[in-house]
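Here the protein sequences line up with chains A and B, keeping their order. Heads up: the first sequence begins at 8 in the numbering used here, then just goes up one per residue. Heads up: the second sequence begins at 8 in the numbering used here, then just goes up one per residue. Note that the Cβ used here is the ideal one computed from N, Cα and C, for glycine as well. What you are looking at is a predicted structure, and each value in this text was computed from that prediction instead of being measured.
2 protein chains.
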Amino acid sequence: MPTPPPCASNARRVDELDTPTVLIDLDRVEANIAAAQAYADQHGLALRPHVKTHKLPVLAHRQLAAGAVGITAQKVGEAMVMAHAGVEDVLLSYPIVGAAKVEPLARLARATTRLAVMLDNRTALEHVVRAAAEAGRAIEVLIEFESGNRRTGVMEPVQARALAQAVDATEGVRLRGLGTHPLGSSAADFVRETRALLAQDGLEATVFSGGGTPRMWHAHESEGLSELRAGTYVYHDRATVGAGAAGLEDCALHVLATVVSAPERDRAVIDAGSKTLTSDRIDPAFGAGFGAVLEYPGALVTSLSEEHGVLDLSTCEGRPRVGERVRILPNHACPVTNLDDHVVAHRGGRIEWIAPVWARGATR
Amino acid sequence: MPTPPPCASNARRVDELDTPTVLIDLDRVEANIAAAQAYADQHGLALRPHVKTHKLPVLAHRQLAAGAVGITAQKVGEAMVMAHAGVEDVLLSYPIVGAAKVEPLARLARATTRLAVMLDNRTALEHVVRAAAEAGRAIEVLIEFESGNRRTGVMEPVQARALAQAVDATEGVRLRGLGTHPLGSSAADFVRETRALLAQDGLEATVFSGGGTPRMWHAHESEGLSELRAGTYVYHDRATVGAGAAGLEDCALHVLATVVSAPERDRAVIDAGSKTLTSDRIDPAFGAGFGAVLEYPGALVTSLSEEHGVLDLSTCEGRPRVGERVRILPNHACPVTNLDDHVVAHRGGRIEWIAPVWARGATR
Numbered sequence: 008m009p010t011p012p013p014c015a016s017n018a019r020r021v022d023e024l025d026t027p028t029v030l031i032d033l034d035r036v037e038a039n040i041a042a043a044q045a046y047a048d049q050h051g052l053a054l055r056p057h058v059k060t061h062k063l064p065v066l067a068h069r070q071l072a073a074g075a076v077g078i079t080a081q082k083v084g085e086a087m088v089m090a091h092a093g094v095e096d097v098l099l100s101y102p103i104v105g106a107a108k109v110e111p112l113a114r115l116a117r118a119t120t121r122l123a124v125m126l127d128n129r130t131a132l133e134h135v136v137r138a139a140a141e142a143g144r145a146i147e148v149l150i151e152f153e154s155g156n157r158r159t160g161v162m163e164p165v166q167a168r169a170l171a172q173a174v175d176a177t178e179g180v181r182l183r184g185l186g187t188h189p190l191g192s193s194a195a196d197f198v199r200e201t202r203a204l205l206a207q208d209g210l211e212a213t214v215f216s217g218g219g220t221p222r223m224w225h226a227h228e229s230e231g232l233s234e235l236r237a238g239t240y241v242y243h244d245r246a247t248v249g250a251g252a253a254g255l256e257d258c259a260l261h262v263l264a265t266v267v268s269a270p271e272r273d274r275a276v277i278d279a280g281s282k283t284l285t286s287d288r289i290d291p292a293f294g295a296g297f298g299a300v301l302e303y304p305g306a307l308v309t310s311l312s313e314e315h316g317v318l319d320l321s322t323c324e325g326r327p328r329v330g331e332r333v334r335i336l337p338n339h340a341c342p343v344t345n346l347d348d349h350v351v352a353h354r355g356g357r358i359e360w361i362a363p364v365w366a367r368g369a370t371r
Numbered sequence: 008m009p010t011p012p013p014c015a016s017n018a019r020r021v022d023e024l025d026t027p028t029v030l031i032d033l034d035r036v037e038a039n040i041a042a043a044q045a046y047a048d049q050h051g052l053a054l055r056p057h058v059k060t061h062k063l064p065v066l067a068h069r070q071l072a073a074g075a076v077g078i079t080a081q082k083v084g085e086a087m088v089m090a091h092a093g094v095e096d097v098l099l100s101y102p103i104v105g106a107a108k109v110e111p112l113a114r115l116a117r118a119t120t121r122l123a124v125m126l127d128n129r130t131a132l133e134h135v136v137r138a139a140a141e142a143g144r145a146i147e148v149l150i151e152f153e154s155g156n157r158r159t160g161v162m163e164p165v166q167a168r169a170l171a172q173a174v175d176a177t178e179g180v181r182l183r184g185l186g187t188h189p190l191g192s193s194a195a196d197f198v199r200e201t202r203a204l205l206a207q208d209g210l211e212a213t214v215f216s217g218g219g220t221p222r223m224w225h226a227h228e229s230e231g232l233s234e235l236r237a238g239t240y241v242y243h244d245r246a247t248v249g250a251g252a253a254g255l256e257d258c259a260l261h262v263l264a265t266v267v268s269a270p271e272r273d274r275a276v277i278d279a280g281s282k283t284l285t286s287d288r289i290d291p292a293f294g295a296g297f298g299a300v301l302e303y304p305g306a307l308v309t310s311l312s313e314e315h316g317v318l319d320l321s322t323c324e325g326r327p328r329v330g331e332r333v334r335i336l337p338n339h340a341c342p343v344t345n346l347d348d349h350v351v352a353h354r355g356g357r358i359e360w361i362a363p364v365w366a367r368g369a370t371r
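Set out below in structure tokens:
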């Protein structure tokens with residue numbers, strides 16, 4: 008495993024670090040990568056991890072070394088960081104739209120060996136075609152379809168067929184297949200129907216790509232799925248634990264925080280607020296608030312401002328004292344790694360490396 | 008106004024920029040700075056703007072040039088960016104707690120002409136005292152008290168008195184006064200009672216510092232207030248408009264986004280998600296969702312994932328087409344400037360400068 012460039016801290020143990028700080032437990036990361044790859048191998052699925060969770064080339068290379076076929080990224084900038092770090096096979100699972108994105112997408116095509124874009128509309132297709140022409144390289148296309156997220160994705164198989172025909176009729180792009188997120192129960196039927204329609208045109212959607220961590224261990228139940236995209240599994244979080252995809256002992260990312268105030272018996276304040284934990288909530292069935300406190304299981308991060316996390320201790324046995332450090336399991340790991348410039352990788356509290364989060368903030 | 012160092016974009020108008028991008032309207036910023044200073048001057052209040060909103064030395068210097076007495080920051084790192092950019096008078100409105108923070112706080116004390124820390128407990132005081140000793144410089148202290156936020160702050164005047172006595176008895180620190188956020192209706196009484204107690208000890212809390220943008224124009228109604236701390240007023244946002252502190256025409260920060268998908272008649276998706284707008288919500292009385300769409304007043308950003316913003320167009324007259332650009336007024340400006348590495352300052356769409364957000368991510 009290549010070691011990222013050092014940051015200016017000579018701390019040897021996480022106990023010595025200033026807070027708040029994002030910690031990742033390398034033993035757990037390695038176990039999570041191995042478990043996901045073993046599952047994919049067992050079920051004959053290609054694994055294409057989403058790098059949005061870690062944003063670190065060092066972990067993308069770990070996933071590839073374990074057997075992943077390539078990576079998934081959302082935006083061109085995020086993928087470009089990976090391409091420059093030697094990742095050759097990239098799927099952008101996002102409709103790249105905008106004249107200002109054509110040249111960056113062309114650069115990405117030139118920087119990778121194999122590039123595909125998932126899209127659901129003709130404007131995105133036009134921009135991908137222009138980028139392919141600009142790059143002098145073919146770009147593959149997956150047609151995105153709706154399967155329960157009500158976000159992006161065509162709603163009907165006939166729409167997927169029309170887009171596939173447009174791809175087939177256009178120079179510079181090639182149809183790779185169909186893609187969806189989060190791989191809802193309607194996905195297999197949609198793919199079957201669309202494949203039947205495409206067969207009438209002599210077209211083939213070879214790849215059926217879908218998934219996400221919350222239901223990743225059920226991906227093989229989705230008939231016809233060939234490629235599993237999941238990202239959060241590398242760290243896990245309160246949401247994926249709540250969804251049953253992991254146990255607390257699998258969670259590899261925590262925020263180390265310090266108790267900075269305790270104005271009342273049942274209230275303490277930590278130095279990690281929404282600028283560290285984000286304001287992301289989770290399904291109330293999975294838990295309340297903005298994070299769980301490892302050292303005080305009865306405590307809850309009930310409210311956040313930018314730099315304050317307020318702990319409700321009313322159902323908690325112990326009481327952390329001011330100055331004490333606690334580890335917080337966040338609701339959602341991915342946006343947490345988007346906030347701090349660095350993450351600290353450790354094994355059992357001993358720091359192995361401190362790395363810049365290269366693909367942090369890459370929203371374009 | 009000094010011009011920040013350029014970023015590698017030769018765009019001359021915001022129309023040419025890639026999206027999502029954070030735009031700030033300099034004409035409005037200047038008007039907001041002037042209006043706040045005029046209000047403070049009119050009521051004999053010192054204005055100490057919170058830099059957490061803009062995180063830009065260039066705007067801190069603008070605020071100081073207009074008449075601000077110094078700046079407010081939350082964390083040492085944020086303040087250090089400002090000190091290195093020539094800001095000399097800093098108040099940290101946050102209890103600095105942690106052995107790892109002593110040396111950075113000492114460095115900040117050496118880098119500033121005047122430094123104060125607001126705190127509500129003895130552990131924070133101990134760490135401030137150690138930093139002052141390390142720096143060989145006095146650090147001033149404001150005792151933070153509760154006035155409606157239930158976050159940090161002592162609950163009772165007797166607690167404030169005890170802390171003030173501890174400050175008075177300790178080498179290297181000096182009592183400047185009392186501070187609170189958000190300056191609730193109980194604040195004036197708390198200060199009156201505490202000042203009476205302190206008088207018994209021959210102590211004086213010269214400064215009473217408080218405030219925040221939502222009720223900033225009512226700050227003069229808080230008896231005894233001497234210093235107004237507010238930050239968001241420099242940009243304003245949906246929350247401060249909702250609170251009645253500004254009109255939509257005063258809002259200076261918007262996110263420029265592109266419509267990347269429109270899968271159904273009443274649903275469109277923009278390329279700004281929680282990694283750009285944050286998941287911060289506002290008081291439901293002020294509005295629903297995660298942002299307002301300037302060009303389509305009936306539209307609402309109803310749900311976000313990291314890179315997707317889903318627009319509900321069901322009560323909207325027009326329908327943006329895929330590829331169209333829209334401007335989003337976010338719920339909360341401050342965390343938005345914490346996400347992108349750059350902001351684009353313009354006048355009427357013409358770019359004046361593109362600046363790195365120097366104090367972005369400075370949570371330590």
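Integer-rounded CB distance, given that residue j should sit under 8 angstroms from residue i
| i | j | result |
| --- | --- | --- |
| Glu69 (chain B) | Asp257 (chain B) | It should be noted that the sequence gives Arg, not Glu, for residue 69 (chain B). Actually they are not in contact, since the Cβ atoms of Arg69 (chain B) and Asp257 (chain B) sit about 16 angstroms apart, beyond 8 angstroms. |
| Ala139 (chain A) | Leu115 (chain A) | Wrong, their Cβ atoms sit about 11 angstroms apart, outside the cutoff. |
| Asn345 (chain A) | Gly316 (chain A) | The pair is not a contact, with the Cβ atoms about 18 angstroms apart (cut-off 8 angstroms). |
| Pro102 (chain A) | Val267 (chain B) | 5 angstroms |
| Thr120 (chain B) | Thr265 (chain B) | Their Cβ separation, rounded to whole angstroms, is 46 angstroms, which puts Thr120 (chain B) and Thr265 (chain B) out of contact at 8 angstroms. |
| Cys323 (chain A) | Ala299 (chain A) | With a Cβ gap of about 12 angstroms, Cys323 (chain A) and Ala299 (chain A) do not count as contacting. |
Beta-carbon neighbours of residue i, restricted to chain A and to distances below 7 angstroms
| i | result |
| --- | --- |
| His315 (chain B) | Arg158, Thr159 |
| Gly368 (chain B) | Leu346, Asp347, Asp348 |
| Val351 (chain B) | Neighbours of Val351 (chain B) on chain A: none; closest Cβ ~12 angstroms, over 7 angstroms. |
| Arg97 (chain B) | The question names Arg, but residue 97 (chain B) in the sequence shown is Val. Correct list: empty, because the minimum Cβ distance to chain A is about 15 angstroms. |
Where residue i meets chain A, residues with beta-carbon distance less than 8 angstroms
| i | result |
| --- | --- |
| Tyr242 (chain B) | Within 8 angstroms Cβ-Cβ: nothing; Tyr242 (chain B) doesn't reach chain A, min ~14 angstroms. |
| Pro27 (chain B) | Thr370, Arg371 |
| Glu302 (chain B) | Neighbours of Glu302 (chain B) on chain A: none; closest Cβ ~16 angstroms, over 8 angstroms. |
| Cys341 (chain B) | Glu313 |
| Val65 (chain B) | Under the 8 angstroms cutoff, chain A gives no residues; its nearest Cβ is about 20 angstroms from Val65 (chain B). |
Closer than 7 angstroms at the beta carbon, the chain B residues around residue i
| i | result |
| --- | --- |
| Lys59 (chain A) | Glu313 |
| Tyr101 (chain A) | Glu314 |
| Gln44 (chain A) | None at all; the shortest Cβ gap to chain B is about 24 angstroms. |
| Val308 (chain A) | By Cβ distance, chain B contributes nothing, its closest Cβ being about 12 angstroms from Val308 (chain A), past 7 angstroms. |
Bridge partners - residue i, DSSP secondary structure assignment
| i | result |
| --- | --- |
| Gly280 (chain B) | Per DSSP, none; premise fails for Gly280 (chain B). |
| His243 (chain B) | Answer is none; His243 (chain B) lacks a bridge partner. |
| Leu235 (chain B) | B:Leu54, B:Gly217 |
| Arg354 (chain B) | B:Arg357 |
| Asp32 (chain A) | A:His353 |
| Phe152 (chain B) | B:Val161 |
| Gly225 (chain B) | It should be pointed out that residue 225 (chain B) corresponds to His in this sequence rather than to Gly. Paired residue(s): none; His225 (chain B) is not in a bridge. |
| His261 (chain A) | A:Leu30 |
| Arg274 (chain B) | B:Glu271, B:Asp319 |
| Leu301 (chain A) | DSSP, once it has assigned bridges, lists no residue as partnering Leu301 (chain A). |
Within chain B, partners of residue i - CB distance below 8 angstroms
| i | result |
| --- | --- |
| Ala372 (chain A) | Because chain A here runs from 8 to 371, residue 372 (chain A) falls outside it and cannot be looked at. |
| Gln81 (chain A) | Glu313, Glu314 |
| Val94 (chain A) | In chain order: nothing, as chain B lies at least about 19 angstroms away. |
Closer than 9 angstroms at the beta carbon, the chain A residues around residue i
| i | result |
| --- | --- |
| Met87 (chain B) | Ordered by position in chain A, no residue passes the 9 angstroms Cβ test against Met87 (chain B), which lies about 12 angstroms from the chain. |
Contact test: residue i Cβ vs the ligand COA heavy atom, cutoff 7 angstroms
| i | result |
| --- | --- |
| Ala252 (chain B) | In the structure on display, the ligand COA does not appear, and there are no ligands present to speak of. |
Answer yes if the stretch 229-246 of chain B comes into contact with the stretch 50-60 of chain B, meaning at least three C-beta pairs across the two stretches below 8 angstroms, and no otherwise.
Yes: the two stretches touch, three or more of their Cβ pairs being nearer than 8 angstroms.
So if I threshold CB-CB distances at 9 angstroms, which residues from the stretch 114-138 of chain A count as touching chain B?
Along the stretch 114-138 of chain A, the positions whose C-beta sits under 9 angstroms from a C-beta of chain B are Leu126, Asp127, Asn128, Arg129, Thr130, Ala131, Glu133, His134, read in chain order.
Give me the subset of the stretch 266-298 of chain B whose CB atoms are less than 9 angstroms from a CB atom of chain A, sorted by chain position.
Taking 9 angstroms as the Cβ-Cβ cut-off against chain A, the residues of the stretch 266-298 of chain B that qualify are Val266, Val267, Ser268, Ala269, Pro270, Glu271, Arg274, Val276, Asp278, Ala279, Gly280, Ser281, Lys282, Thr283, Thr285, Ser286, Asp287, Arg288.
Three or more C-beta pairs below 8 angstroms linking the stretch 278-294 of chain A and the stretch 356-366 of chain B:
In this structure the stretch 278-294 of chain A does not touch the stretch 356-366 of chain B; the number of beta carbon pairs closer than 8 angstroms is below three.
Answer yes if the stretch 108-123 of chain B comes into contact with the stretch 72-83 of chain B, meaning at least three C-beta pairs across the two stretches below 8 angstroms, and no otherwise.
The way I'd put it, the stretch 72-83 of chain B does touch the stretch 108-123 of chain B; three or more beta-carbon pairs between them come closer than 8 angstroms.
Using a Cβ distance threshold of 8 angstroms, determine whether the stretch 92-102 of chain A contacts the stretch 28-43 of chain B, with at least three qualifying pairs required.
Not touching, per the Cβ criterion.
Which of the residues in the stretch 321-338 of chain A, read from start to end, lie with their CB under 7 angstroms from any CB of chain B?
Per Cβ criterion, the list reads Val329, Gly330.
Three CB pairs or more closer than 8 angstroms across the stretch 179-186 of chain B and the stretch 126-136 of chain B:
Taking a contact to require three or more Cβ pairs closer than 8 angstroms, the stretch 179-186 of chain B and the stretch 126-136 of chain B qualify as touching.
Name, going along the chain, the residues of the stretch 149-178 of chain A whose beta-carbon falls closer than 9 angstroms to a beta-carbon of chain B.
Legend: CB atoms of the stretch 149-178 of chain A lying less than 9 angstroms from CB atoms of chain B belong to residues Glu151, Glu153, Asn156, Arg157, Arg158, Thr159, Gly160, Val161, Met162, Gln166.
Do the stretch 184-204 of chain A and the stretch 143-154 of chain A meet, that is, are 3 or more Cβ pairs less than 8 angstroms apart?
Yes, the stretch 184-204 of chain A touches the stretch 143-154 of chain A.
Sufficient close CB pairs (3 or more, under 8 angstroms) joining the stretch 62-76 of chain A to the stretch 35-49 of chain A:
Verdict: yes, contact present.
When the Cβ atoms of the stretch 307-324 of chain A are set against those of the stretch 277-286 of chain A, are three or more pairs found closer than 8 angstroms?
Touching, yes.
For the stretch 179-198 of chain B, enumerate the residues whose C-beta is nearer than 7 angstroms to any C-beta of chain A, in chain order.
For the stretch 179-198 of chain B, there are no residues whose beta carbon sits under 7 angstroms from a beta carbon of chain A.
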